[in-house]
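*Asks:* In my numbering, the protein residues as written are 88 to 570.
Beta carbons: idealized from backbone N, C-alpha and C, even for Gly.
All values reported here derive from a predicted model rather than from experimental measurement.
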Amino acid sequence: MSVIQLDEVEDHERFRAEMASIASDGRRRWVYARQVHGFFTRWRTVLSWLLLGFLFLAPHVKIGGHQFLLFNILEREFVFFGIPFWPNDFYLVAVLFLTGIITVVLITATVGRIWCGWLCPQTVFMEMVFRKIEWWIDGPPKQQALMHAGGWTSTRIWKTALKIFVFFAISFAIANTFLAYIISSDKLIADVTDGPLQHVELFVALVTFTFVFFMVFYRFREQACTIVCPYGRYMSALVDESTIAITYDYKRGETRVKWNRDDTESKKDSIEKGLPVARAEGHGDCVDCHQCVTVCPTGIDIRNGIQLECVSCTACIDACDEVMDKVGLPQGLIRYTSLNNVENGSSSIVTPRIKAYFLIWLAMMGLVVTLFALRSDLDVVILRQEGTTWVQTADGTGNFYRLQIINKSSKDLDFSIRVLSPAGVQFKNLGLPSVVKSGEVMKGRFMLIAKSNSIAKTGTKVEIAILQKDEIVKTLLTSFVAP
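#1: Hey, quick one: how far does the alpha helix (DSSP H) through T484 stretch, first residue to last?
#2: Going by the DSSP bridge assignment, what does R116 pair with across the sheet?
#3: Quick test of the definition: if touching needs 3 or more C-beta pairs under 8 angstroms, does the segment 393-402 touch the segment 283-290?
#4: In chain order, what residues of the same chain lie with their CB nearer than 7 angstroms to the CB of V380, ignoring the 5 residues before and after it?
#5: So for M215, helix, strand or coil by DSSP?
#6: On the criterion of 16 or more Cβ atoms from any shown chain inside 10 Å, does D272 qualify as buried, or is it exposed?
#7: Give the DSSP-derived three-state secondary structure of E221 in the structure shown.
#8: Please state the DSSP three-state secondary structure of T264.
#9: Secondary structure at L161, three-state DSSP: helix, strand or coil?
#10: What's the C-alpha gap between M234 and S135?
#11: Per DSSP, what kind of secondary structure is H235 in: helix, strand or coil?
#12: Our contact map puts T297 next to S258 with C-beta atoms below 8 angstroms; I'd like the distance itself, whole angstroms only.
#13: Could you tell me the distance, in whole angstroms, from the CA atom of K556 to the CA atom of F127?
#14: Would you give the residue range spanned by the alpha helix (DSSP H) that N431 belongs to?
#15: For D336, I'd like the list of residues in its chain whose CB is within less than 6 angstroms of its CB, leaving aside the five on either flank, ordered along the chain.
#16: Return the chain-ordered list of same chain residues with a C-beta closer than 7 angstroms to the C-beta of L563, the five sequence neighbours on each side being excluded.
#17: Using CA coordinates, which residue listed in P384, D112, I553, G432 is at the minimum distance from D501?
#18: Among Q378, T385, V382, E341, which residue has its Cα nearest to the Cα of A367?
#19: Would you mind working out which of K495, T484, R440, S525 sits nearest D464, comparing C-alpha positions?
#20: What is the DSSP secondary structure of D372, counted as helix, strand or coil?
#21: Is DSSP giving L517 helix, strand or coil here?
#22: May I ask which residues mark the beginning and end of the alpha helix (DSSP H) holding F307?
#23: What is the DSSP secondary structure of G169, reduced to helix, strand or coil?
#24: Taking only three categories from DSSP, how would you classify A406?
#25: Pull up the CB-CB distance for K544 and A569, whole angstroms please, since I reckon it's below 8 angstroms.
#26: I need the straight-line Cα distance from L193 to G485, nearest angstrom please.
#27: Which class does E527 belong to by DSSP, given the choice of helix, strand or coil?
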């Protein structure tokens, strides 16, 4: 099988043979994205600030004494929206995780990479925080490119130093926030207050997280999306001709002919009056201005069609609409639509594949709702005490048991224990409290004593009830060992 060399690829297909941020010789091609303004950019900015506020505040919000969101993988403790999940609830966490994946699959197959362009923390931080700071310190993209291509002048040195300091400080804040989601905000604050020498492991983790975030946003940047992120890889298997995505209307745009001075003079009156402008025969509406390329944070040309590197950030839509307004042509040359809509004029996004995904999603959501509805506030485990069989007491034959009760609710719960069957078996408390505090794992022992002839044989099942205010909330079976 022959290998296709890069220089053998035709120019119009060259974008498929190399990545926008990597040159043909393997060197990094730095992307200097231009600032863009427009309808989608304004709404993305508003949403980004809401998401950033949520990200930094959520670890410090408590509901019923529990952190709003907690992902303590080390101790297998998870809290979602104030609801705690214990190790024995891991099946719920797994079902929620699978439901989340199916939700992303359904959304991606229907409306493309909305997650990447609008919700992903990498995009939000890179485009709405770090790149804006970079524009403020280093200037517009053209000025940045000239500065980086030149020597290390005093201006470049102090700007670089300032940018590194600011980027590192923000990365430090992000690292603290992510650690608060993992070990809880209370523990993080307490450990930071004690000082780094008292918690060396935490300090090392904090420095490591900070350095990783700093390098991602200072050097790796868009390559985190185009090279590392697995979502961009399986996205290609989810998108088809009916998926709503950022699409260039090639039927309207081709053939590309630059807008020149003669076009401006001949259509000046129509442009000033806001009247529709028609281009000369054989000229498409694309004026080949390359503004859609200069604003792209991954450096691609959307006019080549949907590409792996496109994160659906909508910057090219706003840039193109701005140019269309200036030359008096209709907006929407680049827009949210499907390839079928561009080619056929109309299409339905509700394809058999989307229907199948939706049915699976409904089934998973039904399972999640059912499991949560059946989830009890008390999780009770009764086990025979290891290393024991039976003992003889003045009241009869006795067996020792261990009891574990997890209170998953946000309030303290009173409880009591009663033997339901068989008759003649009584419960004896061996130091068990009568109250389980909120979020507490209570462990203790008790004894079951069977009067003579009440237990027919070894292995007889004993039914035990856990009661709250004389109401049975849970029943359990255990076995009894007799002589």
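*Replies:* Working from what's here:
#1: Taken as a continuous stretch (DSSP letters only), T484 belongs to no alpha helix (DSSP H), being part of the beta strand (DSSP E) at 483-494.
#2: Looking at the DSSP output, R116 sits in no beta bridge, so it has no partner there.
#3: Cβ pair count under 8 angstroms is below three, so no.
#4: Short of 7 angstroms from the beta carbon of V380, and not among the five residues preceding or following it, lie these beta carbons of its own chain, in chain order: D388.
#5: In this structure, M215 counts as helix in the three-state DSSP scheme.
#6: Residue identity differs from the one stated: residue 272 is Ser in this sequence, not Asp. The residue is buried, with at least 16 neighbouring Cβ atoms inside 10 Å.
#7: DSSP, read as helix, strand or coil, puts E221 in helix.
#8: In this structure, T264 counts as helix in the three-state DSSP scheme.
#9: Coil at L161, not helix or strand.
#10: Roughly 30 angstroms between the two C-alpha positions.
#11: The three-state reading of DSSP puts H235 in helix, counting H, G and I together.
#12: That belief holds up - the Cβ atoms of T297 and S258 are roughly 5 angstroms apart, short of 8 angstroms.
#13: Roughly 57 angstroms separates the two Cα atoms.
#14: From DSSP, the alpha helix (DSSP H) with N431 extends over 426-431.
#15: Closer than 6 angstroms at Cβ, skipping near neighbours: L420, V429.
#16: Close CB contacts of L563 within its chain, under the 7 angstroms cut and outside five residues either way in sequence, are with V467, I469, I551 (chain order).
#17: Closest by alpha carbon: I553.
#18: Checking every option, the nearest Cα to that of A367 belongs to E341.
#19: Selected option, being the one with the closest Cα: K495.
#20: In the structure shown, D372 sits in coil (DSSP, three-state: anything other than H, G, I, E or B).
#21: The answer is coil: DSSP assigns L517 none of H, G, I, E or B.
#22: Where F307 is concerned, there is no enclosing alpha helix (DSSP H), given that its DSSP letter is neither H nor E.
#23: G169: coil per DSSP, three-state reduction.
#24: The three-state reading of DSSP puts A406 in helix, counting H, G and I together.
#25: Contact between K544 and A569 is confirmed by a C-beta separation of about 7 angstroms, below the 8 angstroms threshold.
#26: One C-alpha to the other measures close to 58 angstroms.
#27: Coil at E527, not helix or strand.
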